[in-house]
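Below is one structure, written out as structure tokens, with a few remarks after it.
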Amino acid sequence: MSDKSPGFHIKSEIRVLGIDDSALICDRIMIIGAVFRGGDWLDGVLRSEITRDGMDGTETIIRMVTSSKHFVQLRVIMLDGITFGGFNPIDIVKINEETGLPVIVIMRKYPVFEKIESALKHLPDPEKRMEIIKKAGEIAEVTNYIDHRARPLYIQWVGIEKEDARSIVQLTSTRSNIPEPIRVAHLIATGVVFGESRGKA
Numbered sequence: 038m039s040d041k042s043p044g045f046h047i048k049s050e051i052r053v054l055g056i057d058d059s060a061l062i063c064d065r066i067m068i069i070g071a072v073f074r075g076g077d078w079l080d081g082v083l084r085s086e087i088t089r090d091g092m093d094g095t096e097t098i099i100r101m102v103t104s105s106k107h108f109v110q111l112r113v114i115m116l117d118g119i120t121f122g123g124f125n126p127i128d129i130v131k132i133n134e135e136t137g138l139p140v141i142v143i144m145r146k147y148p149v150f151e152k153i154e155s156a157l158k159h160l161p162d163p164e165k166r167m168e169i170i171k172k173a174g175e176i177a178e179v180t181n182y183i184d185h186r187a188r189p190l191y192i193q194w195v196g197i198e199k200e201d202a203r204s205i206v207q208l209t210s211t212r213s214n215i216p217e218p219i220r221v222a223h224l225i226a227t228g229v230v231f232g233e234s235r236g237k238a
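Going by this note's numbering, the sequence shown opens with residue 38, and the numbers climb by one from there.
If you want it as structure tokens, here you go:
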């Protein structure tokens, strides 16, 4: 995605909202937002629901963010992937436009778009879903060094320059190669659904 915010000022306690979804155990999927100061302090938690394999993820995230008391302090939104609740695609360009906040997508692996496109054929509006996914644009690698070992992940971004997005990801990755706002959102989401956190955080 083209860069839109030159000179983005990154403070050590920049307010970042990380959003992840819960397990696919029913038709309504919980999403959790974790508000962090940098990669150190959890300031708040947001909650909403989206439709499994639906098309309501983008609007739900916009409402969740803009209606929160934390909204005025937020500087960045992070998403765990470009689809939530199965294949509910998230339009990061629209989120950026509606909230005025940069959006960074975190991916543990480089996406295989051929497999995604094949899976979408089994759902309504496959072309529209794929268009939203591709709209997120360029993918870049970010390397975090955890315990002196290189741990790569991948990002997409909008409303911020690539190097600033990379810097924020590295700043907030204090306990693993996954930024804390995303890692903690995942732990909370799975813990609420299962009674105990599960999966890779």
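From the three backbone atoms N, C-alpha and C, an ideal C-beta is built for every residue, glycine too.
Any idea what DSSP makes of PHE121, helix, strand or coil?
-> In the structure shown, the three-state DSSP call for PHE121 is strand.
Compute the beta-carbon to beta-carbon distance between VAL109 and LYS172, rounded to the nearest angstrom, for a pair I have assumed lies under 8 angstroms.
-> About 27 angstroms separates the two Cβ atoms, so there is no contact after all.
With respect to 8 angstroms, is the separation between the Cβ of ASN181 and the closest non-hydrogen atom of the ligand FAD below this value?
-> In the structure shown, the ligand FAD is absent, as is every other ligand, since no ligand is present at all.
What three-state label does DSSP hand PRO126 in the structure shown?
-> strand
Please classify LEU83: is it buried, with 16 or more other beta-carbons within 10 angstroms of its beta-carbon, or exposed?
-> Within a 10 Å sphere around the beta-carbon of LEU83 sit 16 or more other beta-carbons, which makes this residue buried.
Report yes or no: do three or more beta-carbon pairs, one from the stretch 119–127 and one from the stretch 94–104, lie closer than 8 angstroms?
-> yes
Within the same chain, show all residues whose beta-carbon is closer than 6 angstroms to that of ALA187, passing over the 5 residues directly before and after it, in chain order.
-> THR180
In this structure, does DSSP put ALA60 in helix, strand or coil?
-> coil
Run through the stretch 125–160 for me and flag every whole beta strand (DSSP E) of 3 or more residues, listed as ranges in chain order.
-> As far as the stretch 125–160 is concerned, its whole beta strand (DSSP E) runs of at least 3 residues are 140–144.
My understanding is that MET67 touches VAL230, with C-beta atoms under 8 angstroms, so please give their C-beta distance in whole angstroms.
-> 6 angstroms
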